[in-house]
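Participant:
Residue numbers (this note's numbering): 95 to 766.
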């Protein structure tokens, strides 16, 4: 009952067949003529010239990406893409990555033809973005601010205009034909900018993706579709996107927003629609939490339902982290307590995306669909025994993916897919995928995204140092994610766990904003900053951690989460989320410290007695001087702070050393 592509051929009026016969259409018509002609004509120099022209027109101008697509995109492939483009221009990085992943796997082994879902995606060409800006009076506003150097300042005004703009009539007609093709199948409109998912920049989480449940009258569905397009267009000028571009020196680069329009992979169950499983896959595992894990085998972050819970950090839940050479080995200690509780689905009656508790989800499904979910369930044997002894009802089953992870074919093929993609890309890859099961327990996977994974793989054990206990500031074992390193810490920003926990929620937001100001103070520029605080960094819930945005802490070298907010809160290391991708891309080290563990050292007395530079850097922070402490190595008498982080051993220690150690060059001078 898995939803599948029934009609892979697009309506003929969409894409390259649309008049007038400009250079764009003339090139596609010539390609069509070559493909329809004698087979030997496809081997001619003319055919290769046309293919090369189409690669530049539609795919990319980046030579590394062109080299890949030359190997896997035939003239027929490019012609099929052209038939699916609304407007003209490149289809953008996300669309290219998706198409390339499918092409690579299908060429690698005949088995993938039966394991990969067909796709019938459409593409909104990058040129339409510029046309839309011009038609709605945004182009010159954007251009003028760029020339004047105040690009960031005027972005919000332009963004609001984009959200209320109108489309050219011919573009609306093509959108209507695409919507007619999909019928009432749910679709998703995804960003696919020209710079996105490239070898240099991922833009992970910076642009929007919008689900359209696609229900109701045709006019209602068309308006929802256009609104989704506007939302993604507007996200090109969001504060997060502009901050990312500024950080990497891309504000002067022209960023055209193409779009990828995909049928949502999944099955309709009653009035709900969702895939069985979805997730993120890395060909390289940066989190070696156990000695049996092989980083080269790859890693999955897996959830039931829509993949939104895998790529967005959800503070009310847990996801399944899977090391592909040891799939049942878990980073958490415990069973039911740390399993997924909520499932994201499309509610077709409500025409929107919702989150449901697992029991609530089952209560809304027809009886005929409940059997299909049982393959993803688990039971707590100890809790059931205890319930029987007390003559109480047995606890309900919970989401457990153990049965899937015991499927040797599934694990082998996912590992094979990631390894194949890495080999062809010649670098680690980061993918998003869905998995749907048939009634006979066979399954199909759909890779909906593939991009280079900007991770360093030079992990190595760091030689132990004989550090006297009185010299240790912090020490412990737990998640250590990033590249092993020995580095001097220049500045430390500490959020005092107990005092932060006593603050009202509004004040916790104020502390987060202060941290952003301190991190970006000129005095801390080009310095190694160690940021430590309770709970989760980047959380949306201030009762679970410090609600900073990544752009506020993007200059930080090390983030350390002190597990001290609540007894039931363990670190959810966010592998595979957009927040995590930014940590990796920035080569930021991620640490977790468990104060209650016997081998943990946390010298709060030493930390509290340092000279607090908070008001010097940020005078308005005086009210929080007890909660937020900022100090420099310069404030430590003739000593420096050294951080020794060993990814393979999953150990870290922050300790004091003689200042002469820096002069001897015994540690890395920087983290980036």
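Glycine is no exception: its CB is placed at the ideal position from the N, C-alpha and C atoms.
1) Helix, strand or coil for residue 642 per DSSP?
2) Note down the Cα distance separating residue 695 from residue 684, rounded to an integer number of angstroms.
3) For residue 596, count neighbouring C-beta atoms within 10 Å of its own C-beta (all shown protein chains included) and say buried if the count is 16 or more, exposed if not.
4) Quick one, which of 585, 616 and 574 has its alpha-carbon nearest residue 725's?
5) With DSSP collapsed to three states, give me the class of residue 327.
6) Have a look at the DSSP bridge pairing and note the partners of residue 546.
7) Taking only runs that begin and end inside the stretch 247 to 289, name each unbroken beta strand (DSSP E) of 3 or more residues, in chain order.
8) For the 8 Å Cβ check, are there 3 or more pairs between the stretch 703 to 713 and the stretch 607 to 624?
9) Excluding the 5 residues preceding and the 5 following residue 559 in the sequence, name in chain order all residues of the same chain whose CB lies nearer than 7 Å to its CB.
10) By DSSP, does residue 383 sit in helix, in strand, or in coil?
11) If you draw a straight line from the alpha carbon of residue 723 to that of residue 598, how long is it in whole angstroms?
12) Just how far apart, CA to CA, sit residue 364 and residue 538?
13) Counting only runs that start and end within the stretch 131 to 182, where is the alpha helix (DSSP H) found for 4 or more residues in a row?
14) Note down, one range per segment and in chain order, each beta strand (DSSP E) of at least 3 residues found wholly within the stretch 555 to 596.
15) According to DSSP, is residue 229 helix, strand or coil?
16) Please report how far the alpha carbon of residue 377 lies from the alpha carbon of residue 392, in whole angstroms.
17) If you drop the 5 nearest sequence neighbours on each side, which residues of the same chain put their C-beta closer than 7 Å to that of residue 383?
18) Quick one: is residue 457 buried, meaning 16 or more other Cβ sit within 10 Å of its Cβ, or exposed?
19) From residue 412 to residue 494, what does the alpha carbon distance come to, in whole angstroms?
20) Do you know offhand how far residue 651's Cα is from residue 699's?
21) If you drop the 5 nearest sequence neighbours on each side, which residues of the same chain put their C-beta closer than 7 Å to that of residue 678?
22) Taking the beta carbon of residue 417 as the centre, do at least 16 other beta carbons fall within 10 Å, making it buried, or is it exposed?
23) Can you confirm whether the stretch 348 to 355 touches the stretch 210 to 222 when touching is taken to mean that 3 or more C-beta pairs between the two stretches lie within less than 8 Å?
24) Using the DSSP secondary-structure output, state which residues sit across from residue 395 in a beta bridge.
25) Excluding the 5 residues flanking residue 509 on each side, which residues of the same chain have their C-beta closer than 7 Å to its C-beta?
26) Mapping DSSP to helix, strand and coil, what is residue 241?
27) Just checking my contact of residue 401 with residue 290 at CB under 8 Å: how many whole Å lie between their CB atoms?
28) Measuring alpha carbon to alpha carbon, tell me which of 344, 474, 473 and 452 ends up nearest residue 464.
29) What do you get for residue 234, buried or exposed, if any count of 16 or more other CB atoms within 10 angstroms of its CB means buried?
30) In the DSSP assignment, the beta strand (DSSP E) including residue 687 goes from what residue to what residue?
31) Could you tell me which of 480, 330 and 498 sits nearest to residue 394, measuring between CA atoms?
32) Using the beta-carbon count (16 or more within 10 Å), is residue 630 buried or exposed?
33) Along the chain, which unbroken stretches of the alpha helix (DSSP H) at least 4 residues long are found entirely within the stretch 463 to 519?
34) By alpha-carbon positions, which one of 718, 575 and 680 ends up nearest to residue 687?
35) Using 8 Å as the Cβ pair cut-off and three pairs as the minimum, do the stretch 148 to 155 and the stretch 166 to 186 touch?
36) If we call anything under 9 Å between Cβ atoms a contact, is residue 321 one with residue 301?
Facilitator: Let's see:
1) Against the chain shown, residue 642 aligns to sequence position 548. Residue 642: coil per DSSP, three-state reduction.
2) One-based indexing of the chain shown puts residue 695 at position 601. One-based indexing of the chain shown puts residue 684 at position 590. Going from the Cα of residue 695 to the Cα of residue 684 covers about 17 Å.
3) In the chain shown, counting from the first residue as 1, residue 596 sits at position 502. Exposed is the call here.
4) Residue numbering aside, residue 725 sits at position 631 when the chain shown is read from its first letter. Of the candidates 585, 616 and 574, the one whose C-alpha sits nearest the C-alpha of residue 725 is 585.
5) In the chain shown, counting from the first residue as 1, residue 327 sits at position 233. Of the three classes helix, strand and coil, the one that applies to residue 327 here is helix, per DSSP.
6) In the chain shown, counting from the first residue as 1, residue 546 sits at position 452. DSSP, once it has assigned bridges, lists 523 as partnering residue 546.
7) 281 to 287
8) yes
9) For the purposes of this step, residue 559 is taken as residue 465 along the chain shown, with counting starting at 1. 738, listed in sequence order.
10) Translated into positions along the chain shown, residue 383 becomes position 289. In this structure, residue 383 counts as coil in the three-state DSSP scheme.
11) Position 629 of the chain shown, counting from 1, holds the residue named residue 723. Position 504 of the chain shown, counting from 1, holds the residue named residue 598. If you take the alpha carbons of residue 723 and residue 598, they lie about 18 Å apart.
12) The count along the chain shown starts at 1 and reaches residue 364 at position 270. The count along the chain shown starts at 1 and reaches residue 538 at position 444. If you take the alpha carbons of residue 364 and residue 538, they lie about 22 Å apart.
13) 139 to 148, 157 to 166 and 169 to 177
14) 566 to 571, 579 to 583 and 585 to 589
15) For the purposes of this step, residue 229 is taken as the residue at position 135 of the chain shown. Looking at residue 229 - three-state DSSP - the assignment turns out to be helix.
16) Walking along the chain shown from the start, residue 377 turns up at place 283. Walking along the chain shown from the start, residue 392 turns up at place 298. Taking the straight line joining both Cα atoms gives about 4 Å.
17) Counting from 1 along the chain shown, the entry for residue 383 is found at position 289. Excluding sequence neighbours, residue 383 sits near 425, 573 and 744.
18) Numbered from 1 along the chain shown, position 363 holds the residue referred to as residue 457. Exposed.
19) As a working note, residue 412 is residue 318 in the chain shown. As a working note, residue 494 is residue 400 in the chain shown. Distance between the alpha carbons of residue 412 and residue 494: 11 Å.
20) Stepping through the chain shown from its first residue, residue 651 is reached at position 557. Stepping through the chain shown from its first residue, residue 699 is reached at position 605. When rounded, the distance between both Cα atoms is 24 Å.
21) Start at 1 with the first residue of the chain shown, and residue 678 comes out as number 584. These residues qualify, in order along the chain: 380, 548 and 549.
22) In the chain shown, the residue the question calls residue 417 occupies position 323. Burial call: buried.
23) yes
24) Indexing the chain shown from 1 puts residue 395 at position 301. Looking at the DSSP assignment, residue 395 forms a beta bridge with 374 and 415.
25) As a first step, residue 509 is located in the chain shown; it is residue number 415 there, counting from the start. Within the same chain, residue 509 has close Cβ partners 391, 392 and 418.
26) The count along the chain shown starts at 1 and reaches residue 241 at position 147. A caution first: residue 241 carries a pLDDT of 49, below 50, which makes its placement in the model too unreliable to give a value.
27) Counting from one through the chain shown, the residue named residue 401 turns up at place 307. Counting from one through the chain shown, the residue named residue 290 turns up at place 196. Actually they are not in contact, since the Cβ atoms of residue 401 and residue 290 sit about 17 Å apart, beyond 8 Å.
28) As a working mapping, residue 464 is identified with position 370 in the chain shown. Residue 464 has its Cα closest to that of 452, out of 344, 474, 473 and 452.
29) Here residue 234 corresponds to residue number 140 of the chain shown, with the count starting at 1. Exposed, by the Cβ-count rule.
30) In the chain shown, counting from the first residue as 1, residue 687 sits at position 593. Start and end: 683 to 687.
31) Residue 394 sits at position 300 when you count from the first residue of the chain shown. Answer by Cα proximity: 498.
32) Indexing the chain shown from 1 puts residue 630 at position 536. Buried, because 16 or more other Cβ atoms sit within 10 Å of the Cβ of residue 630.
33) 475 to 483, 496 to 499 and 502 to 519
34) Counted from its first residue, the chain shown places residue 687 at position 593. Answer by Cα proximity: 575.
35) yes
36) Locating residue 321 in the chain shown gives position 227, counting from the first residue. Locating residue 301 in the chain shown gives position 207, counting from the first residue. For residue 321 and residue 301, no; Cβs fall outside 9 Å.
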